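Protein chains in written order, with our numbering: chain U, 244 to 473; chain Z, 244 to 473. Beta carbons: idealized from backbone N, C-alpha and C, even for Gly. As the structure is a prediction and not an experimental result, all values here were calculated from the model. One structure is given below, encoded as structure tokens.
There are 2 protein chains.
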Amino acid sequence: METATTLVDVAAKRLAEAIVTGELAQGQKLNEAELAERFGMGRGPLREALRRLEGQRLVSRIPNAGVRVIILDRKRLEDLYAVREALEGMACRLAAEQMTESEVLQLQDLLAQHETQIEKDGGMVYSQSESDLDFHFLIARGSRNAMVMSLLSGEHFQLLRMCRYRTSRNAQRPRPALTQHRQIVEAIAQHDGELAELLMRRHIRGAWQSIRALIDAEELSASVPRKENS
Amino acid sequence: METATTLVDVAAKRLAEAIVTGELAQGQKLNEAELAERFGMGRGPLREALRRLEGQRLVSRIPNAGVRVIILDRKRLEDLYAVREALEGMACRLAAEQMTESEVLQLQDLLAQHETQIEKDGGMVYSQSESDLDFHFLIARGSRNAMVMSLLSGEHFQLLRMCRYRTSRNAQRPRPALTQHRQIVEAIAQHDGELAELLMRRHIRGAWQSIRALIDAEELSASVPRKENS
DNA sequence: AGCGGATATATTGTCGACAAAATTGCAATA
DNA sequence: TATTGCAATTTTGTCGACAATATATCCGCT
């Protein structure tokens, strides 16, 4: 196949991937001509892709001065997790109230997969992290709220992956997360919305605490404040 | 002054305005060449503006088939208000906990303005509705959460204005809303986060109930189900 | 030697033209 | 008359070139 979709889609996807994985460093200025060259396309499609990423808040544009990759600092992550707690908490309550039995089964299947996966290769945290997002998305879908789904699978998804890549060299915590997932699924299976919301909020808050600790430690180790302006 | 900003900004602003006010009907297909002609610019900037609006969910694009104005149906509004309840409830709690005294004063000033305005011209609901959003944005700013602020002042803002234009020919309810606003400000002034969140959530839920009633009545009157496909 | 300004370079913003795809309209056939 | 296939037209997707703006370089001056 040549180009299944449009060039803008290709560019947006590759750019997002490069930003998320850190291939394009945070705060780095992006050169349109160079990127267009690298992707083998004109500047037009690339600019449109950048505009889309702008909407997803992966880059920010200063008129006549180009676009830069966002800087995912502590404050931004804190804001993101606050938003997630509110949004996914709500979604989890709605999901518990509305999910069909087959959807609950799907969720339990996913959970079982995670369990065996963690059982087998106890350290393979990366894939767990990736499919942790599947778990959250499945629940968002259960809420029947298209806006939450699109936020979670769009900009939140990218920012969370970006955060993981940033903190992945340090240890994760798959086991407590799995336990919490199990509790959440159980509450959903019993259609207990109130409990499901509470558990999900606690789960996300716990994740933030864990990430915050990592970031603080990281910032402490890199405490030599060398200027990196312009 | 000629063009204070870039053409893309101009196009995006005019398009958003046209969509919000209904000048461009919901579901209508947008012709790039025609719009570029109308705005006196090339198709390039216009396309980029459309991509930005795509990010704000004011239009949706189908590859090789053009962009269409979103349809703000009942379901979409219901989703929006659920998101608002969760998000602004959270923001209101944070605002109550973190706002400075001068910020609280600002809020009280705004409230007083609304009171005198409603006192004077009891029916002038439009401006009230517009500045109702100021009220909500001031609180979002008090939360110190940039993500909430940007959501509220970006896509939520536009969608809410769009909703108002759609239901403005019917009666609004400025007085109960004002009372609720007063309660919320009081809770914030006392830095009672829990109460502030509860009141804000109730306020938004109430607004949704009111709007839902309007929409249902409207859909009932236009109950002749004529097909409007393609 | 340090600073200010002017020139040169690089990068973004915009336009017009061409290619590819989809839609429309027509006509021929069952 | 309905339907299917083909052709013409419209519309989107993409590219390359030019204009406007910002950034970097270098030279003269105090």
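8 Å Cβ cutoff, residue i in contact with chain Z
{"i": "G202 (chain U)", "result": "Absent from the model: residue 202 (chain U). The displayed extent of chain U is 244 to 473, so no value can be given."}
{"i": "V263 (chain U)", "result": "no"}
{"i": "K470 (chain U)", "result": "Caution applies to K470 (chain U), whose pLDDT of 39 falls short of 50 and renders its modelled position unreliable; the model cannot decide the point."}
{"i": "V312 (chain U)", "result": "no"}
{"i": "D322 (chain U)", "result": "yes"}
{"i": "M342 (chain U)", "result": "no"}
{"i": "L330 (chain U)", "result": "yes"}
{"i": "G449 (chain U)", "result": "no"}
{"i": "G287 (chain U)", "result": "yes"}
{"i": "R294 (chain U)", "result": "yes"}
{"i": "V391 (chain U)", "result": "yes"}
Interface flag, residue i vs chain U, CB-CB below 8 Å
{"i": "N388 (chain Z)", "result": "yes"}
{"i": "Q299 (chain Z)", "result": "yes"}
{"i": "V302 (chain Z)", "result": "no"}
{"i": "E275 (chain Z)", "result": "no"}
{"i": "G309 (chain Z)", "result": "no"}
{"i": "A338 (chain Z)", "result": "no"}
{"i": "L250 (chain Z)", "result": "no"}
{"i": "I454 (chain Z)", "result": "no"}
{"i": "M405 (chain Z)", "result": "no"}
{"i": "A325 (chain Z)", "result": "yes"}
{"i": "E291 (chain Z)", "result": "yes"}
{"i": "M333 (chain Z)", "result": "yes"}
{"i": "P419 (chain Z)", "result": "no"}
{"i": "V253 (chain Z)", "result": "no"}
Integer Cβ distance of residue i from residue j, believed to fall under 8 Å
{"i": "D252 (chain Z)", "j": "N388 (chain U)", "result": "Contact doesn't hold; Cβ gap of about 31 Å is too wide."}
{"i": "L289 (chain U)", "j": "E275 (chain U)", "result": "6 Å"}
{"i": "Q271 (chain Z)", "j": "R311 (chain Z)", "result": "7 Å"}
{"i": "L395 (chain Z)", "j": "F380 (chain Z)", "result": "6 Å"}
{"i": "L376 (chain U)", "j": "F400 (chain U)", "result": "6 Å"}
{"i": "M284 (chain U)", "j": "L258 (chain U)", "result": "About 12 Å; that fails the 8 Å criterion."}
DSSP bridge partner residues for residue i (one or two, in chain order)
{"i": "Q300 (chain Z)", "result": "Note that residue 300 (chain Z) corresponds to Arg in the displayed sequence, not to Gln. DSSP, once it has assigned bridges, lists no residue as partnering R300 (chain Z)."}
{"i": "V312 (chain Z)", "result": "Z:V302"}
{"i": "L273 (chain U)", "result": "U:V310"}
Status (buried if at least 16 other CB within 10 Å, exposed otherwise) for residue i
{"i": "A439 (chain Z)", "result": "buried"}
{"i": "N472 (chain U)", "result": "Unreliable positioning characterises N472 (chain U) in this predicted model, as indicated by a pLDDT of 36, which lies under 50. The coordinate reading is nonetheless provided below. N472 (chain U) is exposed by the Cβ-count criterion."}
{"i": "R327 (chain Z)", "result": "buried"}
{"i": "T246 (chain U)", "result": "Only weak support exists for where T246 (chain U) lies, its pLDDT of 43 falling under 50; the value from the coordinates is given anyway. Under this definition T246 (chain U) is an exposed residue."}
{"i": "T248 (chain U)", "result": "exposed"}
{"i": "T343 (chain U)", "result": "exposed"}
{"i": "R418 (chain U)", "result": "exposed"}
{"i": "A450 (chain Z)", "result": "buried"}
{"i": "T410 (chain U)", "result": "buried"}
{"i": "D316 (chain Z)", "result": "exposed"}
{"i": "L463 (chain Z)", "result": "exposed"}
{"i": "G309 (chain Z)", "result": "exposed"}
{"i": "E260 (chain U)", "result": "exposed"}
{"i": "E210 (chain Z)", "result": "There is simply no residue 210 (chain Z) to check, as chain Z begins at 244 and stops at 473 in what is shown."}
{"i": "E437 (chain Z)", "result": "exposed"}
{"i": "E291 (chain U)", "result": "buried"}
{"i": "A474 (chain U)", "result": "Nothing about residue 474 (chain U) can be read from this structure; chain U reaches only from 244 to 473."}
{"i": "A383 (chain U)", "result": "buried"}
{"i": "I313 (chain U)", "result": "buried"}
{"i": "A255 (chain Z)", "result": "buried"}
{"i": "A456 (chain U)", "result": "exposed"}
{"i": "G385 (chain Z)", "result": "buried"}
{"i": "A325 (chain U)", "result": "buried"}
- Message: I want to know whether the stretch 324 to 337 of chain Z touches the stretch 436 to 451 of chain Z - three or more CB-CB distances under 8 Å.
- Response: Yes, since at least three Cβ pairs between the stretch 324 to 337 of chain Z and the stretch 436 to 451 of chain Z fall closer than 8 Å, the two stretches touch.
- Stretch pair the stretch 287 to 307 of chain U + the stretch 289 to 304 of chain Z: three plus CB contacts closer than 8 Å: In short, these stretches touch, since the Cβ pair count reaches three.
- Query: With a cut-off of 8 Å, do at least 3 Cβ pairs link the stretch 336 to 352 of chain U to the stretch 377 to 391 of chain U?
  - Reply: The stretch 336 to 352 of chain U vs the stretch 377 to 391 of chain U: in contact.
- Query: Can we say the stretch 275 to 284 of chain U touches the stretch 423 to 430 of chain U, given the rule of at least three CB pairs closer than 8 Å?
  - Reply: Cβ pair count under 8 Å is below three, so no.
- Item | Cβ pair count under 8 Å reaching 3, the stretch 403 to 413 of chain Z against the stretch 346 to 366 of chain Z | Contact between the stretch 403 to 413 of chain Z and the stretch 346 to 366 of chain Z is absent: fewer than 3 CB-CB pairs across the two stretches fall below 8 Å.
- At a cut of 8 Å, does the stretch 344 to 351 of chain U reach the stretch 301 to 321 of chain U through at least three beta carbon pairs? As far as the Cβ criterion goes, the stretch 344 to 351 of chain U does not touch the stretch 301 to 321 of chain U, which means the pair count is below three.
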